[in-house]
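Notes to accompany the following structure.
2 protein chains.
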Amino acid sequence: MDSKDLLPMGEISSRSGFAASAIRYYEAEGLIEAHRSGGGQRRFERSVLRRLAFIRAASNVGLTIEEIRDELGRLPGNRTPTKADWHRISRHWGARLDDQIAALQRLKGGLDSCIGCGCLSLRSCAFSNAGDWAASQGPGAQLLPDSLRKPHPTKR
Amino acid sequence: MDSKDLLPMGEISSRSGFAASAIRYYEAEGLIEAHRSGGGQRRFERSVLRRLAFIRAASNVGLTIEEIRDELGRLPGNRTPTKADWHRISRHWGARLDDQIAALQRLKGGLDSCIGCGCLSLRSCAFSNAGDWAASQGPGAQLLPDSLRKPHPTKR
DNA sequence: CCTTGAACTCAAGTTCACTTCAACTTGAAC
DNA sequence: GTTCAAGTTGAAGTGAACTTGAGTTCAAGG
C-alpha cells in the first residue's frame, strides 16, 4: 500500500478538474508535492486531490496563490490534518466570506436606494454621487472592504 | 452654461478617485467620452463622474471592462438617463449581487458543516471530497456560479 | 520490439486592467 | 512674457495565473 496508491498526472488532472499545466504550476509554486516515477514522471498521493479541491474553492473565493500557500502551510504536510488544523483555517475563511457577503449586501442596499431615488438627481443619490464621495474619502472607500477590492495592479 | 461647465483631467481624476491614466484608458475603451480644448486637452462633462462611479462599483463587483461597456451601453449617451433606464440596469445588477451573495453563503455553509465533521474522513465530508465530486460534476461545479468563478484565463 | 498516448522540461506567450516612461505641449497665473 | 504645473501621446512594462509550443522521453499493450 505504498507505490501502488500513487496517481499519475492524467488521473489527478481529470479527477481534480485542473489542467495538467495548472497542476505543474501549483507544484512549482509549492502548493502541492509530487513523487517521481523511475523515469521522472509525477506520481501523486491521494491527499493532493483534497489540496486541489481546497485550492479551487479558495481561488474561487478570491484568495491569491500566495494566500493559498499560506493557508496550506497551516496544514501539516506529513500527518493527517486534525480537527484543530481545519478549525484554524476555516475560522480564517469564515471571516473572509462574512466580509464579502456583508460588502455585497451593502452594495445591493445602495443600489436599491438608488432605484428608489431614480438617480435623476446628482445631488440626492449616494450612488450617483459616489465619485464626489469617493474623492473625499479616498478611492473606493467603504462600499467594499479591501478583501473585495480589485488589487490595484502595479501598485505595491 | 456650455463650455464653462466642462471639467479638466485633474478635477475628474481627484473627484472620481481614478488615476488620470485609468481615465484615459476608459476613454480609449469607449466607457466614457471627452471633449477637447483648443489645444487638445480633455474636457469632461459632469455626467462622466456618474459614469465613473458606476464603473468603480461595477468593477468592484467583478464585472469586466467589456461587461461594463455593455451595461453603460444601455444608458443613453445623449439624453439624461430616465428612471426606467436605471431600473433596467439595476435589475440586472441586483440579480448578480443576489447570486454572489447566495453563492458565498452556500460556500460558507459547506465550510461550517465541514468544521462539524472535523474533516478527518475523506469519505464523509463534502468539502474534502470536492475533488472527486468536482470530477464527476465537471470542474468547480455548483459551489459557485459562473459569475463568481475565476474566468479561466487564456480559454476563450 | 514497436507503437502510441501520456508525460516531461523550459521558454515564451496570453489576458486583464492598468501604470510608467520619455518626450513634448498647454494654459492659467503672475 | 515667462513660468511651470498640468496635460498630451504612444509604446512598453506590470503582475497574476496559467497556457502553449517545441522537442523529447516514458510506459503499457499487442
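Chains G and B are the protein sequences, given in the same order. For the first sequence, counting from 1, position 145 maps to 145 in full-length UniProt numbering; every step adds exactly one. For the second sequence, counting from 1, position 21 maps to 21 in full-length UniProt numbering; every step adds exactly one. Built from N, CA and C at the ideal position, the CB exists for glycine as well.
Of the candidates G/Glu33, G/Ala84, G/Arg36, G/Ala53, the residue whose Cα lies closest to the Cα of G/Ser16 is G/Ala53. B/Arg43 is bridged by DSSP to B/Pro8, B/His35. Assigned with DSSP and collapsed to three states, G/Val48 falls in helix. Straight-line spacing of the CA atoms in B/Thr64 and B/Leu72 works out to 12 Å. Under the criterion of beta carbons closer than 8 Å, G/Arg69 and G/Gly94 do not qualify as touching, at roughly 20 Å. In the three-state DSSP reduction, G/Phe18 falls in the coil class, being neither helix nor strand. In the structure shown, the three-state DSSP call for G/Gly30 is coil.
In this structure, G/Phe18 sits away from G/Ala34, with a CB-CB distance that is not shorter than 8 Å. In the structure shown, G/Gly62 falls within a coil segment according to DSSP collapsed to helix, strand and coil.
The residues Ala19, Ala20, Ile23, in chain order, have a CB closer than 7 Å to that of B/Ser13 in the same chain once the five nearest residues on each side in sequence are set aside. In this structure, DSSP gives B/Arg69 a helical state, which the three-state scheme calls helix. For G/Leu97, the secondary structure class from DSSP, reduced to helix, strand or coil, is helix.
Linking B/Leu7 to B/Tyr26 through their CA atoms gives a straight-line distance of about 16 Å. In the three-state reduction of the DSSP assignment, G/Arg74 falls in the helix class. A direct Cα-to-Cα measurement between B/Gln41 and B/Asp5 gives close to 15 Å.
Within the model, the alpha-carbon separation for G/Arg46 versus G/Gly10 is close to 13 Å.
Here G/Arg50 is buried: its Cβ has 16 or more other Cβ atoms, across all protein chains shown, within 10 Å. If the five residues before and after G/Arg88 are omitted, its C-beta is found closer than 7 Å to the C-beta atoms of Arg74, all from its own chain and listed in chain order.
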